[in-house]
Amino acid sequence: MKFCAEGHAVVVGAGPAGLFAARVLADVFERVTVVERDGTGDEQRRGVPQSGHAHDFLIRGHRIAEELFPGLGEELVAGGAHAGDIGRDMRWVIAGRPLVKGDSGLSTVVSSRTFRERHLRARVEVLPRVTVLGGQDVEGLSFSEDGSVVDGVLLAGDKGGKLAADLVVDASGRGSRTPVWLEEHGHGRVEEEKLKVDVGYATRIVRAPADVFAGDVCVNVLASPDSPRGGACQRVEGDRVVVTLYGVLGDHPPVDPEGFNAFAKSLAAPDIHEVLEVSEPLSAARRYRFPAALRRRYESMDSFPRGLLVLGDAVCSLNPRYGQGMAFAAMQASALSDHLRAEEQLPEPDVYFRRLAEQAVDPVWGMTLLSDLSFPGVQGERTPEMLEALELVGRTQFAATFDGQLALSCLRVFGLLDPPTVLLDPAIQERVHKTLSRQPV
Ligand SMILES: Cc1cc2nc3c(=O)[nH]c(=O)nc-3n(C[C@H](O)[C@H](O)[C@H](O)COP(=O)(O)OP(=O)(O)OC[C@H]3O[C@@H](n4cnc5c(N)ncnc54)[C@H](O)[C@@H]3O)c2cc1C
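Residue numbers for the sequence shown follow the working numbering, beginning at 180 and rising by one.
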């Protein structure tokens, strides 16, 4: 570590991005305060209405979380979550066909999002340099008179006033007000890139006999252009199963029991409907609508105040059906950590945002954009190179339903361990060609 600030860092938001950020800031700052609008112990937090829906934690996120909080996975399992090898214990169905299963040597933990976040937060709360202020809203940033420096946050309510900081990290999620506050203080409006996907989710909690999973910890039926409805069934703590269904471009699952079951039955594979058939419902279905993936291009701004950084969904909110958001938050916290370690001084925002884009946002945003554009109804430019890549990735995924090694390559890409370009490697494409040429036409 090159510099050790003696100062105070404030993080806005105690979602995954805020919690990971607080952990890495505590390596460098003498004091870190996390300010979170929601109170502690809320099962369904108002600030994260999506938290009741199935939340995968991709293997890349699991690895980073274990580096930052050693033993977290074991702790979750001791509390009732389920560990599983991503190739052996998780069922992945693409275009109606299961990927070939096998040991991958890559294990992660399946749990509800609320449970995972509660444990993460407890780990952060015991860090000696960190204080978490729950039930406290940030209503603004404190700017120097000329607007060039952020020197704290403005807290709302009776306990309000300025909380001074040497560095403010905005991790307040997709609804972040930073774009508005920057504009009000003369920095212009951050450019936003949107991809309209109109994904609708519906989720119910059920109790299901363990044998219906045949030893698996979760089942993922992925939407594809040929069968654009998908779903996930996850065995989580408390002996419960989270069943989430989704549809794209306005084809949303209903929340009445008959409609919900009928939507499950309409998926390209029967696995999730089979679970519902033998389940006891524990909750009504809840819905969530996700209109568009959103990226805020802070790295392109001409003017940005010192003393402020942004990360997590506040920078880039991905189509949720790829299950990447929390792992992506962990990747961004890693970029923040690298940045803090590399700099002699307090972080320069433009250097930070370029690093964040290179290390985390560009590769993941590019990957999801390409997948979203494989759906003909999604509006966006498709270059000949993209169309070729989509064709090859689609063939590779199909071949992975016959060949275990290709399945593992695909799972490493889904898990954000490898970029999708590895699937275009000539050796992999040779294997795809051989695999498919052995199948009956
Ligand atoms: C339906 C759905 C399903 C998803 N499924 C998955 C999945 O399977 N796997 C996965 O990894 N991701 C999934 N995601 C994405 C994931 O939920 C987000 O990417 C993730 O929550 C982003 O974390 P974050 O910390 O950046 O933001 P958030 O989780 O939104 O946290 C922001 C926090 O800031 C607080 N806050 C906001 N404003 C203020 C303020 N002014 N003052 C104080 N506090 C404030 C909020 O209360 C909240 O706690 C899904 C998303 C949706 C919508």
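Just so you know, even glycine gets a beta-carbon here, dropped at the ideal spot from N, CA and C.
Can you round the beta-carbon distance between residue i and residue j to whole angstroms, since I take them to be within the 8 Å contact cut?
i       : j       : result
Pro-484 : Ser-327 : 6 Å
Leu-525 : Asp-345 : 6 Å
Gly-409 : Arg-500 : 6 Å
Val-494 : Tyr-477 : 7 Å
Leu-549 : Ala-568 : 6 Å
Ser-351 : Val-203 : Wrong, their Cβ atoms sit about 17 Å apart, outside the cutoff.
Ala-411 : Val-398 : 7 Å
Leu-596 : Arg-239 : 5 Å
Val-332 : Val-214 : 7 Å
Leu-487 : Val-347 : 5 Å
Arg-267 : Ser-290 : Contact flag wrong, Cβ pair sits at about 19 Å.
Gly-259 : Glu-416 : 3 Å
In whole angstroms, what separates the C-alpha of residue i from that of residue j?
i       : j       : result
Pro-433 : Ala-200 : 37 Å
Arg-225 : Glu-609 : 50 Å
Lys-444 : Ala-402 : 14 Å
Ser-462 : Ala-233 : 14 Å
Pro-195 : Ala-509 : 8 Å
Gly-367 : Leu-428 : 32 Å
Leu-603 : Ser-496 : 26 Å
Glu-523 : Asp-349 : 22 Å
Leu-312 : Ile-451 : 40 Å
Ser-588 : Val-272 : 15 Å
Trp-360 : Gly-319 : 7 Å
Asp-330 : Gly-502 : 35 Å
Leu-446 : Leu-285 : 28 Å
Asp-337 : Asp-316 : 11 Å
Leu-374 : Gly-556 : 11 Å
Ser-479 : Asp-541 : 13 Å
Gly-281 : Glu-453 : 23 Å
Glu-363 : Gln-576 : 47 Å
Phe-593 : Leu-237 : 8 Å
Ala-586 : His-187 : 46 Å
Pro-470 : Glu-253 : 36 Å
Ala-274 : Leu-424 : 15 Å
Lys-181 : Leu-306 : Confidence is the limiting factor: at Lys-181 the pLDDT is only 48, short of 50, which leaves the residue's position unreliable, though a coordinate-based value still follows. Those two C-alpha atoms are separated by around 22 Å.
Val-391 : Pro-619 : 31 Å
Ala-389 : Lys-613 : 38 Å
Glu-185 : Val-378 : 45 Å
Leu-448 : Pro-277 : What sits at residue 448 in the sequence shown is Ala, not Leu. If you take the alpha carbons of Ala-448 and Pro-277, they lie about 9 Å apart.
Could you check if residue i is buried or exposed, using at least 16 other CB atoms within 10 Å of its CB as the buried criterion?
i       : result
Thr-310 : exposed
Gly-438 : exposed
Thr-580 : buried
Pro-605 : exposed
Asp-481 : exposed
Ala-393 : exposed
Pro-228 : exposed
Asp-418 : exposed
Gly-314 : exposed
Gln-558 : exposed
Glu-459 : exposed
Val-530 : exposed
Thr-382 : buried
Glu-296 : buried
Gly-197 : buried
For residue i, does the three-state DSSP call read helix, strand or coil?
i       : result
Arg-500 : helix
Gly-367 : coil
Glu-318 : strand
Thr-212 : strand
Ser-513 : helix
Thr-562 : coil
His-261 : strand
Asp-551 : helix
Ala-205 : coil
Lys-181 : Low local confidence applies: a pLDDT of 48 at Lys-181 is under 50, so the model's placement there is unreliable, with the coordinate-based value given in what follows. Coil at Lys-181, not helix or strand.
Arg-297 : helix
Leu-198 : helix
Gly-330 : Going by the sequence as given, residue 330 is Asp instead of Gly. If DSSP states are grouped into helix, strand and coil, Asp-330 belongs with the strands.
Pro-277 : strand
Lys-338 : coil
Ser-286 : strand
Arg-242 : helix
Arg-408 : strand
Asp-235 : coil
For residue i, verify whether its CB is less than 8 Å away from any heavy atom of ligand 3.
i       : result
Ser-230 : This structure does not include ligand 3; its bound ligands are ligand 1.
Which ranges does the beta strand (DSSP E) cover as unbroken runs of at least 3 residues, wholly within the stretch 471–498, from first to last along the chain? 487–489
Go through the stretch 411–460 residue by residue and report every complete run of the beta strand (DSSP E) that reaches 3 residues or more, in order. 419–426
Just list the beta strand (DSSP E) runs in the stretch 573–610, keeping only unbroken ones of 3 residues or longer that don't cross its boundaries, in chain order. none
Fully enclosed by the stretch 354–405, which beta strand (DSSP E) runs are 3 residues long or longer? 371–386 and 397–401
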